[in-house]
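So the protein sequences, as listed, match chains A and B. Once you know that position 1 of the first sequence is 1 in our numbering, the rest is easy, because the numbers rise by one and skip nothing. Quick note, our numbering runs 1000 ahead of the 1-based positions in the second sequence. All C-beta atoms, glycine included, are put in the ideal place defined by N, C-alpha and C. Predicted model, so just to flag it, every value in this text is computed and none were measured. The structure under discussion appears below in the form of C-alpha cells.
Number of protein chains: 2
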Amino acid sequence: MYKETNKRSIVKGISWRVVATTTTIIIVYVFFGRLDLAIAAGMIETVLKIALYWAHERVWQKLRWGKKKIEPFNLWFTGLPLSGKTTIADKVYEELEKLHIPLERLDSKDIRDVVPDIGFTREDRNRHMKRIGHLIKTLQNNSISTVASFVSPYKESRKAIRQMVQNNVVVYLKADIETCKQRDYKGVYEKALKGELQNFSGINDVYEEPQHAEIVIDTTKTSVAQAVEIIVKHIKKNYVK
Amino acid sequence: MYKETNKRSIVKGISWRVVATTTTIIIVYVFFGRLDLAIAAGMIETVLKIALYWAHERVWQKLRWGKKKIEPFNLWFTGLPLSGKTTIADKVYEELEKLHIPLERLDSKDIRDVVPDIGFTREDRNRHMKRIGHLIKTLQNNSISTVASFVSPYKESRKAIRQMVQNNVVVYLKADIETCKQRDYKGVYEKALKGELQNFSGINDVYEEPQHAEIVIDTTKTSVAQAVEIIVKHIKKNYVK
C-alpha cells in the first residue's frame, strides 16, 4: 500500500499550474487584447496558486469521501495433483496483477514448505484448510484478494473456506486420472501407486468432485491460455470495476 | 484499502475551482480595473478548467511516482498468562488505528477459536508460531502492520518469528507469577495448579524470558495507560512518519 508524499503534492501542483496558467493567459489575452498584461497576470497567478493548490491537495488528503473500498475476492483452484492448478493459478495471478489490485498468491507447496509437518490425513487436511481460510479472511479484511491453489479434495473443507471468506470463486480443474499420470513429471503418481505415498488424492484417497464450482475447466481439452482467459474474464466482470 | 472514485475527482475539481477562480477574478480586477470583464473571464475560466482539472486528476491517478510504500511493523506481545497482553495490545491497537495505517490485530485466543485443536506442547506451539509468522509475513507483503499477542514462551519460536518478519518489536510484559495468580479472573492458574491444565506456562511448563525485547514493561509497577503510551511512542518514533 502507498501513501502520497508531500513531494508528490508539490510536483502535482506545479504540473497543474503549467496547464492552468497557459489557459488563463489565453483567456485574458482574448478579453483585453494585451499580451504583456495577460502574461504578467499569469505570472502572479502562478506564484499564488501553486501554494493554494498544494494546500488544497493536503486538505483532500485528509478527507475520506469518494474513496471506494476495494472488494476482495478469493479464487480457489481445486483439482487432482497435476491437474494444472499451480501452472494456471500462477498465470492468472500474473494477469490480475496488471490491474493494480492488492493481490496475494497462496500455493499449497509454499505453505507446506514453511510448516513441513502438516500431514495429509482427512483430519490434518481439514485443519489445514481452516487455517488457510483464516489467512484469506484476514487478508480480505484488509482488501486483499487471493489466488489460492490447493488440492482440497474434501467437500467439507471447501465448504468451510466458502463460509469463512467472501466472494469465493471455486475453479475446478477437471482432469481424468490417466491424464494426470501422464503429466507425472514429479513422479508422485508413481510413488503413490507403489504405496510410497499415503493419502494421495485420486490413488489411495478420495477426491470428492465439487458440485458448486463457479468455473469448471476440463484441462484435457482446454489450453492453459484459454483457461487463464476464462478465469480472468470472470474476475474482471464480477469484481474489478 | 481504498481507491479514488471518478466522482471524488469531479467534486475535488469543483472545490478547487471555487478557490482558483476567486483568485483569478481578483488578479484580473487589480490589473485592468474592470470588475465586469474580470468576472466574465473568471466564468469562462471556470467552465474550461473544471474539465482540465478532472483530466489532470485522472492522469495523476495512473502515475505511481511520489507514492511512498508504507513500512509495516510487527508488535509482538509476550508474557505469562494474565500478564496483561490482550488488555494492553487491544488499547495499543486502538491508538494506532487513529494514525490511519493499515493494521491487523492478532490474538492467540481468536486464532485458537478458529482452529481449536492446536495443542500446547512445545512442538505444537512452535509449529503454531511458524504459521503465525507466515501470516504476519503475508500481511507485511501487503504493507499491513500487526499487533500480535501470544504467550510464546519459547525462545526458539520467538526467534523464528523475528527471522520471518520485518521491523519486529517484541514487548515483554513482565509480571511475577504471584501477581498473575492474583489477577486470575479466568481461573486458569487454579486449574493448572490442580493439574487440570497441562503445559501451562509458568506452572507446569517453562516460560523462557526474552533477552532481546525492544520494550520491557513491568506490569506490576506500570499502569495500562502508561504502558500504552510507551509502546505507541516507540512505534510513532520508528515506523510512522
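- At least one CB atom of chain A sits nearer than 9 Å to the CB of W1060(B).
- From the listed residues S1015(B), F1077(B) and L1096(B), the smallest Cα separation to A1175(B) is found for F1077(B).
- Here D205(A) is near R122(A), since their CB atoms are less than 9 Å apart.
- Within chain A, the residues placing a beta-carbon under 7 Å from that of G1066(B) are E4, T5, K7, R8 and V11, ordered along the chain.
- Relative to the Cα of R112(A), the nearest Cα in the group I70(A), R125(A) and I101(A) belongs to R125(A).
- What E1104(B) touches in chain A, judged by beta-carbon distance under 8 Å, is T138, N141 and N142, going in chain order.
- A distance below 6 Å between beta-carbons, with the five flanking residues on each side excluded, links T1024(B) to the following residues of its chain, in chain order: G1042 and E1045.
- A straight-line Cα-Cα distance of about 5 Å links A38(A) and V28(A).
- Rounded to whole angstroms, the Cβ separation of E1214(B) and V1169(B) is 5 Å, and the two are in contact under 8 Å.
- Assigned with DSSP and collapsed to three states, A1175(B) falls in coil, not helix or strand.
- Counting along the chain, the unbroken beta strand (DSSP E) around A148(A) starts and ends at S145 to S149.
- Inter-residue distance for F1031(B) and W60(A) is about 32 Å (C-alpha atoms, whole angstroms).
- Collapsing the DSSP output to three states places D124(A) in a helix.
- Taking the C-beta atoms as reference points, Q1166(B) is found no nearer than 9 Å to Q1182(B).
- With respect to the C-alpha of H1056(B), the residue from K1067(B), W1016(B), V1240(B) and M1164(B) having the closest C-alpha is W1016(B).
- V115(A) sits in coil when the DSSP states are folded into three classes, being neither helix nor strand.
- Straight across, the Cα-Cα distance linking P1102(B) with S143(A) is about 10 Å.
- Taking 7 Å as the cut-off between beta carbons, the residues of the region 1118 to 1133 of chain B near chain A are R1127, K1130 and R1131, in sequence order.
- DSSP lists L1173(B) as the bridge partner or partners of I1217(B).
- No Cβ-Cβ contact shorter than 9 Å links S9(A) with W65(A).
- Between S1149(B) and L1106(B), the C-beta spacing is below 9 Å.
- Rounded to whole angstroms, V1240(B) and I26(A) show a C-alpha spacing of 45 Å.
- Contact with chain A is found for H1056(B), since one of that chain's Cβ atoms lies less than 9 Å from the residue's Cβ.
- Within the same chain, and ignoring the five residues on either side of M164(A) in sequence, the residues whose Cβ sits closer than 6 Å to its Cβ are G133 and K137.
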